[in-house]
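Each residue of the sequence shown is one higher than the one before, counting from 142 in this note's numbering.
Report on one structure; see the data block that follows.
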Amino acid sequence: MTRICRHCSSPLGPGIRLCRACGAVNDIPDLDWIECEHHPTEPAVGSCVVCGKPMCGDCARSAEGLFFCEDPEHRSIFLGWTIVYEADSVFEADMISKNLEQAGFAVRQFDKHRHNGTAWITERLGVPVRIQRNRAEEALQLLRSMRLLDDTNKPEG
Ligand SMILES: [Zn+2]
Ligand SMILES: [Zn+2]
Ligand SMILES: [Zn+2]
């Protein structure tokens, strides 16, 4: 049976708790719950779709069915910036960001591994590299020309 997100009904891979589409935390029996970054005794219900910060019901902000943290910039980043590269590690994301910055692009990169509640979880947490939407095509062309973009790192959708 395919698991789906309790919040947005997107399919979830085996063992995945953080929905990539909306940020909702989906509990799995027998696994420790993910804690709220501000209230470690409270279970997180969602993680910011931009920075990945895990938050309880009191801390999470939701907008159009997505979870955001309290940083108002993150909502505008989600709307105005697009993912051009999905790195497997912080090291790889740093390398991509550095190349883009050297070519004059503004880059935003957030890392779920830096949040206490999600740092230890075993599921794969990609490190998305974001660029302003209006320059995304240019950025993708640059990464392609440098042979840095392959099928596994293509942004979704
Ligand atoms: Zn979801
Ligand atoms: Zn955030
Ligand atoms: Zn909280």
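Beta carbons: idealized from backbone N, C-alpha and C, even for Gly.
How big is the Cα-Cα spacing for residue i and residue j?
i: Gly156; j: Glu264; result: 7 Å
i: Gly298; j: Cys149; result: Its pLDDT being 46, under 50, Gly298 is placed unreliably in this model, and the value from its coordinates should be taken loosely. Those two C-alpha atoms are separated by around 17 Å.
i: Phe251; j: Arg158; result: 19 Å
i: Pro195; j: His215; result: 14 Å
i: Glu178; j: Ala185; result: 8 Å
i: Glu278; j: Thr182; result: 43 Å
i: Val248; j: Val225; result: 10 Å
i: Ile262; j: Phe246; result: 32 Å
i: Ile169; j: Ala204; result: 25 Å
i: Cys189; j: Leu266; result: 13 Å
i: Thr223; j: Val191; result: 10 Å
i: Cys200; j: His180; result: 9 Å
i: Trp174; j: Pro269; result: 24 Å
In this structure, does DSSP put residue i in helix, strand or coil?
i: Thr223; result: strand
i: Gly298; result: Caution applies to Gly298, whose pLDDT of 46 falls short of 50 and renders its modelled position unreliable; the value that the coordinates give is listed next. DSSP places Gly298 in coil when its eight states are reduced to three.
i: Met196; result: strand
i: Ser151; result: coil
i: Phe232; result: helix
i: Glu264; result: coil
i: Ile175; result: coil
i: Ala204; result: strand
i: Leu284; result: helix
Is it right to say residue i is buried, meaning 16 or more other beta carbons lie within 10 angstroms of its own, or is it exposed?
i: Arg271; result: buried
i: Thr259; result: buried
i: Thr143; result: exposed
i: Ala228; result: buried
i: Glu176; result: buried
i: Ser238; result: buried
To which residues does DSSP link residue i through a beta bridge?
i: Phe246; result: In the DSSP output, where bridge partners are listed per residue, Phe246 has none listed.
i: Ser188; result: Pro195
i: Arg271; result: Ile224, Arg249
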